[in-house]
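Below is one structure, written out as structure tokens, with a few remarks after it.
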Amino acid sequence: MGRKLLLEKAHVEGIRHYDVYRREGGYRSVEKALKMQPTDIVEEVKKSGLRGRGGAGFPTGMKWSFLAKPDGVPRYLVCNADESEPGTFKDRYLMEFIPHILIEGMIVASYALGSNVSYIYIRGEYDWITDILEVAIAEAKQNGWLGKNILGSGFDCEMYVQRGAGAYICGEETALLESLEGKRGNPRIKPPFPAIKGLWDCPTVVNNVETLAAVVPIINEGSEAYAKIGIGKSTGTKLISACGNINKPGIYEIDMTISVEEFIYSDEYCGGIPNGKKLKACIPGGSSVPILPANLLLTTAKGEKRLMNYEGLSDGGFATGSMMGSGGFIVLDEDQCIVKHTYTLARFYRHESCGQCSPCREGTGWMEKILQRIEIGKGTMSDIDLLWDIQRKIEGNTICPLGDAAAWPVAAAIRHFRDEFEWHINNPEKCLTENYGLMHYADPIHVPA
Amino acid sequence: MSDETKKIKVTIDNITIDVDPGTTILNAARRIGGDVTPPAMCYYSKLEGSGGKCRTCLVEVAAGSTADPRPMPKLVASCRTGVMDGMVVKNITSDKVTDARNGVVEFLLLNHPLDCPICDQAGECHLQDLGYDHGKEGTRYQFARRTFKKEDIGPYIQLHMTRCILCYRCTYVADQITNKRVHGIVDRGDHAAISTYISKAIDNDFSGNMIDVCPVGALTDKTFRFKNRVWFTKPVDAHRSCTTPGCCGKATLWLRGEEVFRVTARKDEWGEVQSYDGKPGWICNTCRFDTKATASWTIEGLTTISRHSVIGANKYKTLEMPKETIKEVMHGVEPKLLMDIHSVSGVNNPDIHLSDIDRPAHSSDFKK
Amino acid sequence: MIQFKETSLHKVNEIISRYPKGKQKSALLPVLHLAQVEFGGWLDVPVMDYVASLLSIEPIEVYEVASFYSMYNLKPVGKFVFEVCQTGPCMLNGSDQIIDYIKQQLNIGVGETTTDGLFTLKTVECLGACGYAPMMQFGKTYREHLTKEKVDAIIKECRAKAN
Chain P
20 MGRKLLLEKA HVEGIRHYDV YRREGGYRSV EKALKMQPTD IVEEVKKSGL
70 RGRGGAGFPT GMKWSFLAKP DGVPRYLVCN ADESEPGTFK DRYLMEFIPH
120 ILIEGMIVAS YALGSNVSYI YIRGEYDWIT DILEVAIAEA KQNGWLGKNI
170 LGSGFDCEMY VQRGAGAYIC GEETALLESL EGKRGNPRIK PPFPAIKGLW
220 DCPTVVNNVE TLAAVVPIIN EGSEAYAKIG IGKSTGTKLI SACGNINKPG
270 IYEIDMTISV EEFIYSDEYC GGIPNGKKLK ACIPGGSSVP ILPANLLLTT
320 AKGEKRLMNY EGLSDGGFAT GSMMGSGGFI VLDEDQCIVK HTYTLARFYR
370 HESCGQCSPC REGTGWMEKI LQRIEIGKGT MSDIDLLWDI QRKIEGNTIC
420 PLGDAAAWPV AAAIRHFRDE FEWHINNPEK CLTENYGLMH YADPIHVPA
Chain W
185 MSDETKKIKV TIDNITIDVD PGTTILNAAR RIGGDVTPPA MCYYSKLEGS
235 GGKCRTCLVE VAAGSTADPR PMPKLVASCR TGVMDGMVVK NITSDKVTDA
285 RNGVVEFLLL NHPLDCPICD QAGECHLQDL GYDHGKEGTR YQFARRTFKK
335 EDIGPYIQLH MTRCILCYRC TYVADQITNK RVHGIVDRGD HAAISTYISK
385 AIDNDFSGNM IDVCPVGALT DKTFRFKNRV WFTKPVDAHR SCTTPGCCGK
435 ATLWLRGEEV FRVTARKDEW GEVQSYDGKP GWICNTCRFD TKATASWTIE
485 GLTTISRHSV IGANKYKTLE MPKETIKEVM HGVEPKLLMD IHSVSGVNNP
535 DIHLSDIDRP AHSSDFKK
Chain S
17 MIQFKETSLH KVNEIISRYP KGKQKSALLP VLHLAQVEFG GWLDVPVMDY
67 VASLLSIEPI EVYEVASFYS MYNLKPVGKF VFEVCQTGPC MLNGSDQIID
117 YIKQQLNIGV GETTTDGLFT LKTVECLGAC GYAPMMQFGK TYREHLTKEK
167 VDAIIKECRA KAN
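Line order of the protein sequences matches chains P, W and S. Numbered continuously in the working numbering, the first sequence closes out at residue 468. Numbered continuously in the working numbering, the second sequence closes out at residue 552. Numbered continuously in the working numbering, the third sequence closes out at residue 179.
See below:
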């Protein structure tokens, strides 16, 4: 069983509250950090190898070191708690049950970056979690961890929670900043990047909830100890939110050395597929990363066991691999229809497109309509090639990554499950009542003994 | 330090020029001109913050700079990407760009009503030009096109939301040139629309400039609506001493005989409002909508129209007709006509010059 | 005359104080949330105009924002709003059947309100509860692991509250 860094105390009664959290060793990292130089903290985070846990996996320390520091201009830390990627619900868990770990991490990060006012931008639907965070912030302030001259260090820091109002796109960092400024969540055209011109045109770092929480163990235990956990460039632990057709959906903290197979079938994690069904496919990193059929999911194209880490999940590129993404692990059993699932995702991206740039605004709706047509048995063979061409023309040509996020699931579904699309088209009536099932992928699928 | 800023070198489609630091790829390409210049549907050099949205100006950066010659992984919006010294850009020489641009044009036309025959913008529409240059025949879209609830935005400007490509230019005009913005973008995604939300009249001294910046027929001049096709009118440059602060008083009058059908700001070769002494020559609504007598204007002469524009057709009869060369190269053999269009169509009578008619052309003119 | 209660006005000022001077527009999203709760569950034009005046911004800036985010209702809704998630992971766990069941029980379609003005049914996209599917947003919190029995209980609970 792997080490737990974030969820170690998750099951301690009352850990949501300050007293218990502090008693269990909370806020030690702030005490330690405030005695360090801010640049040394940035160095520690760099050395830890921590990568952004929101989805892109960009090295956090590097992001911090890009922050511009012009004289007389305030700098901001903004926590991206706009968790909206289908399949992802890990940040919610942290904030709902251990809110103080986020606040603790944010205080350290604020000190390292020189942010005297830091904001948590949380998705609007997490209304009750906003209250939990606000209570936790008030507790932290009461106990001297926020406010003026924290622990006599001379460092001032205030923290506020801002609720969004229903827009997936605000998880994109520049759209988030626009929204925080009280505007429509239209992603900005980059450059300039937030590190130069962010919130109210000031240098800003935007980090995911889990990323900021991970700063706590990095400071407490040191970057070396943190970097020793995990494997290769996948250091530390990662929260995986597992859902779909599994026995034990929920949040798991893994140390990124385990295999995908172990994660799905072991009782410590997902506990296998319910009702003795077989595994058909899986989207391992949130809805926008490529879906993989069972055989490619469990083993790489080279025939090796696929590991649950950044390198392992992306082994083989998009041709035979996928991505770690946000850690939203969606499992589909043999009864699920790939066409329908892809259609719901296409609908999601159409619904969430901000409408600013033409490929995404027009292309997402077009893909949705075609997928719906195929799903209800009204598609034609040329629709598959058309879908392929549309996704190809969206990918890489949009202002923000939502275009890619909308294109990849469609591309991967066609790449690996083309015969299921064809079956829908060839069986316009049967596809309404029956499922394609596993038909042509029968053999390589793992069935636990 | 000398005041001279150091120029930097950029190569676009194998043509190298020196530009000031901070210049965008698009503006560098405009300096070269011609086919090398990417089309731009949303960028407008006179409007701060514009650009980046339509994606028609995407180009390939084959080398980032002399210092870091790595290529950029994705195509970039040339209107919002600054050049670096030694940058190598591919526009029409890149298959990737051509492919992406064809895609963008298809996306822009996907839900467009293609109602050019009844659209006042026809003939001076940037989307028409773009479709002509990069579009494909036919459409692969087999679904009902998007429609919007009609909205009246006052007596001067006609809003056709179905034609809009969401370039946001009109919102920048409202923000930057008028005293108050009452319209904006409402809703999101494929339903995002230009609207006042409450059907309010857009009415202030400079609102008419929204029409001039609109690249398509989404915002047209109500006082010119259905009055004439632009290519039947004769554009002349004119000026008057306008008392509205901020109005340059320099305009293009679109004439039939003595009658002024329409007044617009003067446009440059990129279809943008011309600048005078570095300042954009916006005109006020009084000049645009309420000054339609030639006597109120001092006419300077014919507006220069690009020879590629349909507006120039039939205007310049003194021009020499192109020489017929087929007979010459074919050793005296006349080209074989499958059908002489003039014998079946009364409209295309080569003996009638439209510019001779001092009012809208009528079928009776061709039956003479 | 549209006016926030004294306590809400207090809250508005507290929210504005979170941002630097002159950046009060940042308070728009939270203030619209407050307004929606206080003024009948939706944002009528006069309400939005009032919010604009509170934050010293143009009304169009409020309309633009209110129409962008899916949580703001621009039309009246029922006293109780069921927002059922229908995205991939929820679909895998039977959200379609739950939506159909609610439709049938309340005799309304998606986006409609019951004639007594009590219930509105909406379908929404991923709410971040994929592991606890199927689910819906119900007021401030979520109702998860939905079954037909749970839906019945929620409807009963609402009717009891309404009486």
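Ideal Cβ placement from N, Cα and C applies to all residues, glycine included.
Mind listing, in chain order, the continuous alpha helix (DSSP H) runs of no fewer than 4 residues lying wholly within the stretch 195–268 of chain W? 209–216
Using a beta-carbon distance cut-off of less than 9 Å, what residues from the stretch 194–224 of chain W approach chain P? Among the residues of the stretch 194–224 of chain W, none has a Cβ less than 9 Å away from any Cβ of chain P.
Below 7 Å on C-beta distance, what does W:D542 contact in chain S? Walking along the second sequence from the start, residue 542 of chain W turns up at place 358. Near W:D542 there are no residues of chain S at all, since even the closest Cβ is about 44 Å away, more than 7 Å.
Residues that S:G147 contacts on chain P, provided the C-beta gap is smaller than 7 Å: Residue numbering aside, residue 147 of chain S sits at position 131 when the third sequence is read from its first letter. Under the 7 Å cutoff, chain P gives F108, S260, A261, C262, P268 and G269.
Span of the alpha helix (DSSP H), counted from its first residue to its last, around P:F367: Taking the first residue of the first sequence as position 1, residue 367 of chain P is located at position 348. Note, P:F367: alpha helix (DSSP H), I357 to E371.
Residues that S:I76 contacts on chain W, provided the C-beta gap is smaller than 8 Å: Stepping through the third sequence from its first residue, residue 76 of chain S is reached at position 60. Residues of chain W passing the Cβ test: R365, V366, H367, G368, T380 and Y381.
State the start and end residues of the unbroken beta strand (DSSP E) segment that holds P:S307. Reading the first sequence from its first residue, position 288 is the one you call residue 307 of chain P. Premise fails: P:S307 is in no beta strand (DSSP E) and is neither H nor E.
With distances taken Cα to Cα, identify the nearest neighbour of P:G106 among S:K37, S:L25 and S:G144. Counted from its first residue, the first sequence places residue 106 of chain P at position 87. Nearest C-alpha to P:G106: S:G144.
Could you have a look at P:E153 and say whether DSSP puts it in helix, strand or coil? Here residue 153 of chain P is taken as the residue at index 134 of the first sequence, counted from 1. Residue state, collapsed to three classes: helix.
Does W:D371 come within less than 8 Å of chain S when only Cβ atoms are used? As a working note, residue 371 of chain W is residue 187 in the second sequence. Cβ-Cβ to chain S under 8 Å: yes for W:D371.
Contacts of W:I276 in chain P (Cβ-Cβ under 8 Å): Here the question's residue 276 of chain W lines up with position 92 in the second sequence. Neighbours of W:I276 on chain P: none; closest Cβ ~17 Å, over 8 Å.
Could you tell me which chain P residues have their CB closer than 7 Å to the CB of S:F84, listed as they occur along the chain? On the third sequence, position 68 is the one that residue 84 of chain S refers to. Result: A186, R203 and G204.
Go through the stretch 320–367 of chain W residue by residue and report every complete run of the beta strand (DSSP E) that reaches 3 residues or more, in order. 341–343
Kindly indicate if chain W contains any beta-carbon less than 8 Å away from that of P:L421. Position 402 of the first sequence, counted from the first residue, corresponds to residue 421 of chain P. For P:L421, the answer is no, since every Cβ of chain W falls outside 8 Å of its Cβ.
What residues of chain P sit near S:T157, judged by a beta carbon separation below 8 Å? Here residue 157 of chain S refers to the residue found at position 141 when the third sequence is read from its first residue. Residues of chain P passing the Cβ test: D146 and W147.
Can you find a CB in chain W that lies within less than 8 Å of the CB of S:V61? Taking the third sequence and counting its residues from 1, the one referred to as residue 61 of chain S is at position 45. With 8 Å as the cut-off, S:V61 counts as an interface residue toward chain W.
Would you grab the beta carbon distance between W:T277 and W:D197 for me? Rounded to a whole angstrom, and I think it's under 8 Å. Position 93 of the second sequence, counted from the start, is the residue given in the question as residue 277 of chain W. Position 13 of the second sequence, counted from the start, is the residue given in the question as residue 197 of chain W. That pair is a contact at about 5 Å.
Reduced DSSP secondary structure (H/G/I, E/B, other) of P:D90: Residue 90 of chain P sits at position 71 when you count from the first residue of the first sequence. Look at P:D90 here: in three-state DSSP terms it is coil, with no helix or strand label.
Given this structure, state the Cα-to-Cα distance separating S:K91 from S:D60, to the nearest angstrom. Stepping through the third sequence from its first residue, residue 91 of chain S is reached at position 75. Stepping through the third sequence from its first residue, residue 60 of chain S is reached at position 44. One C-alpha to the other measures close to 7 Å.
Determine, using beta-carbon pairs with one atom in the stretch 31–44 of chain P and one in the stretch 186–206 of chain P, whether at least three such pairs fall under 8 Å. With a cut-off of 8 Å, the stretch 186–206 of chain P and the stretch 31–44 of chain P do not count as touching, because too few Cβ pairs lie within range.
Kindly identify the DSSP beta-bridge partner or partners of W:H423. Here residue 423 of chain W refers to the residue found at position 239 of the second sequence. Per DSSP, W:K434 and W:T482.
Against chain P, which members of the stretch 283–306 of chain W pass a CB distance test of less than 7 Å? A284, G287, V288, F291, L292, L294 and N295
For W:D389, would you say it is in contact with chain S, using Cβ-to-Cβ distances shorter than 8 Å as the test? Here residue 389 of chain W refers to the residue found at position 205 of the second sequence. No, its Cβ sits nowhere closer than 8 Å to a Cβ of chain S.
Sequence-distant residues of the same chain with beta carbon closer than 6 Å to P:S401, five excluded per side: Locating residue 401 of chain P in the first sequence gives position 382, where the first residue counts as 1. Closer than 6 Å at Cβ, skipping near neighbours: no residue.
Quick one: using the 10 Å Cβ neighbour count with 16 as the cut-off for buried, is P:F367 buried or exposed? Here the question's residue 367 of chain P lines up with position 348 in the first sequence. Buried: at least 16 other Cβ atoms inside 10 Å.
Can you grab the Cα-Cα spacing for the pair P:A244 / W:L259, in whole Å? In the first sequence, counting from the first residue as 1, residue 244 of chain P sits at position 225. In the second sequence, counting from the first residue as 1, residue 259 of chain W sits at position 75. Roughly 41 Å separates the two Cα atoms.
Can you give the beta carbon distance from W:R330 to W:D374, rounded, assuming they're within the 8 Å contact cut? If you number the second sequence from 1, residue 330 of chain W lands on position 146. If you number the second sequence from 1, residue 374 of chain W lands on position 190. With a Cβ gap of about 6 Å, W:R330 and W:D374 count as contacting.
Chain P within 8 Å of S:L50, Cβ atoms only: As a working note, residue 50 of chain S is residue 34 in the third sequence. No, because no Cβ of chain P sits closer than 8 Å to the Cβ of S:L50.
Counting contacts by CB-CB distance shorter than 8 Å, is P:Q355 in contact with chain S? Locating residue 355 of chain P in the first sequence gives position 336, where the first residue counts as 1. It does; some Cβ of chain S falls within 8 Å.
DSSP state of S:D168 mapped onto helix, strand, coil: Taking the first residue of the third sequence as 1, we reach residue 168 of chain S at position 152. Residue state, collapsed to three classes: helix.
Check this for me: beta carbons of W:P339 and W:K406, under 8 Å apart or not? Along the second sequence, one-based indexing puts residue 339 of chain W at 155. Along the second sequence, one-based indexing puts residue 406 of chain W at 222. Yes, the pair counts as a contact, with Cβ atoms nearer than the cut-off.
For S:R34, which residues in chain P fall below 7 Å Cβ to Cβ? Numbered from 1 along the third sequence, position 18 holds the residue referred to as residue 34 of chain S. Here the neighbours are Y179.
Once the 5 residues before and after W:I467 are set aside, which same chain residues still bring their CB inside 6 Å of it? Position 283 of the second sequence, counted from the start, is the residue given in the question as residue 467 of chain W. Within the same chain, W:I467 has close Cβ partners C431, A435 and A449.
C-beta neighbour in chain W for P:I395, strict 8 Å: Position 376 of the first sequence, counted from the first residue, corresponds to residue 395 of chain P. Put simply, the CB of P:I395 is far from chain W, with every gap to its CB atoms at 8 Å or more.
Taking a contact to mean a Cβ-Cβ separation below 8 Å, would you say P:C221 touches P:R94 in this structure? Your numbering for residue 221 of chain P matches position 202 in the first sequence. Your numbering for residue 94 of chain P matches position 75 in the first sequence. Yes, Cβ-Cβ distance for P:C221 and P:R94 is below 8 Å.
Closer than 8 Å at the beta carbon, the chain W residues around S:E99: Mapped onto the third sequence, residue 99 of chain S falls at position 83. Within 8 Å Cβ-Cβ: nothing; S:E99 doesn't reach chain W, min ~17 Å.
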